[in-house]
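Add 33 to a position in the sequence shown, counting from 1, and you land on the number used in the numbering used here.
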Amino acid sequence: MRRAEKAARIHEILERLYPDPPVPLDHRDPFTLLVAVLLSAQTTDARVNKVTPALFERAPTPAALAALPEAEILSLIRTCGLAPAKARNLSRLGALLVERHGGEVPADLAALEDLPGVGHKTASVVMAQAFGVPAFPVDTHIHRCAARWGLSNGSSVERTERDLKALFPEEAWNDLHLQIIYFGREHCPALYHDLAGCPICSWAATKKRIADEAAANRALRNRSRSKRSP
Numbered sequence: 034m035r036r037a038e039k040a041a042r043i044h045e046i047l048e049r050l051y052p053d054p055p056v057p058l059d060h061r062d063p064f065t066l067l068v069a070v071l072l073s074a075q076t077t078d079a080r081v082n083k084v085t086p087a088l089f090e091r092a093p094t095p096a097a098l099a100a101l102p103e104a105e106i107l108s109l110i111r112t113c114g115l116a117p118a119k120a121r122n123l124s125r126l127g128a129l130l131v132e133r134h135g136g137e138v139p140a141d142l143a144a145l146e147d148l149p150g151v152g153h154k155t156a157s158v159v160m161a162q163a164f165g166v167p168a169f170p171v172d173t174h175i176h177r178c179a180a181r182w183g184l185s186n187g188s189s190v191e192r193t194e195r196d197l198k199a200l201f202p203e204e205a206w207n208d209l210h211l212q213i214i215y216f217g218r219e220h221c222p223a224l225y226h227d228l229a230g231c232p233i234c235s236w237a238a239t240k241k242r243i244a245d246e247a248a249a250n251r252a253l254r255n256r257s258r259s260k261r262s263p
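Spelled out as structure tokens, the structure:
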């Protein structure tokens, strides 16, 4: 099966499973989405959603965030991974949004990437989900699934993004970004995944990939058993 045919079939499956995928991070505007996505690095969305209500109560706008002491920001996000660095970035982020952009989140990819703590993936998520601009942010779930399905070679997230953009229609990118994330979480985990029983991997992955991951899973289980043995 050619990649384009495979991509079309995968698109149909994801549309059926997730016809209207919600943004998993709680937010109410581009600013709160930007902050939530920044916080989500090395942290689960569930953890971010527990942290942000108190943060957004104290800092609902860039100006309010800029006025908040860094130590207080840190106390509010302490349970998130990399909290000290994120607190520093959020403090600078609020100030720069006020100084450079009049207290608004810019609807421009390059301007977003120039903000502290905002990489290409974070900027792409904001462009897609806050402003409706077609983008294909690649997180770990998308990178993993694209490699398993043979849609990209898995060499880098940049390569995966280019390959997926070439395979899927632009108007579908924003939903597909979310659909693949949900599929990765619910059906296609990183470890102990049975590719042969997966709704997509079972036919999209190569026989070698299925066999290799099955062997890797057996090795992981054997190591786990040996550690538990007296």
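Ideal Cβ placement from N, Cα and C applies to all residues, glycine included. Fair warning: this is a prediction, and the values are worked out from it, not measured in the lab.
{"query": "Beta-carbon spacing of residue 66, residue 58 below 8 Å", "result": "yes"}
{"query": "The region 125-137 touching the region 87-96, judged by at least three CB pairs closer than 8 Å", "result": "yes"}
{"query": "Collapsed DSSP secondary structure at residue 64 in the structure displayed", "result": "helix"}
{"query": "CB contact flag (residue 194, residue 167, <8 Å)", "result": "no"}
{"query": "Close Cβ partners of residue 46 (< 7 Å) along its chain, the five nearest in sequence each way excluded", "result": "232 and 233"}
{"query": "Residue 158, enclosing alpha helix (DSSP H) - first and last residue", "result": "153-164"}
{"query": "Residue 211 classed as buried or exposed, judged by whether at least 16 other C-beta atoms fall within 10 angstroms", "result": "buried"}
{"query": "Beta carbon of residue 197 nearer than 8 Å to that of residue 223", "result": "no"}
{"query": "For residue 215, three-class secondary structure by DSSP", "result": "helix"}
{"query": "Same chain only: Cβ atoms within 6 Å of residue 151, ignoring 5 sequence neighbours per side", "result": "145"}
{"query": "Residue span of the alpha helix (DSSP H) that contains residue 108, given as start and end", "result": "103-110"}
{"query": "Supposed close pair residue 116, residue 107 - CB separation, criterion 8 Å", "result": "6 Å"}
{"query": "Assigned exposure category for residue 253 - 16 Cβ within 10 Å defines buried", "result": "exposed"}
{"query": "Residue range of the unbroken alpha helix (DSSP H) whose run includes residue 89", "result": "78-91"}
{"query": "Cβ contact (3+ pairs, closer than 8 Å) linking the region 168-175 and the region 211-221", "result": "yes"}
{"query": "Alpha helix (DSSP H) segment containing residue 127, residue limits", "result": "116-134"}
{"query": "Residue range of the alpha helix (DSSP H) that includes residue 97", "result": "95-100"}
{"query": "Euclidean distance between Cα positions of residue 250 and residue 227", "result": "9 Å"}
{"query": "CB-CB length for residue 86 against residue 138, believed under 8 Å", "result": "19 Å between Cβ atoms; not a contact."}
{"query": "Residue 44 beta carbon less than 8 Å from that of residue 201", "result": "yes"}
{"query": "Nearest-angstrom Cβ-Cβ length linking residue 131 and residue 113, presumed shorter than 8 Å", "result": "The pair is not a contact, with the Cβ atoms about 23 Å apart (cut-off 8 Å)."}
{"query": "Residue 237 vs residue 182 beta-carbon contact at 8 Å", "result": "yes"}
{"query": "Length of the line joining the Cα atoms of residue 133 and residue 154", "result": "21 Å"}
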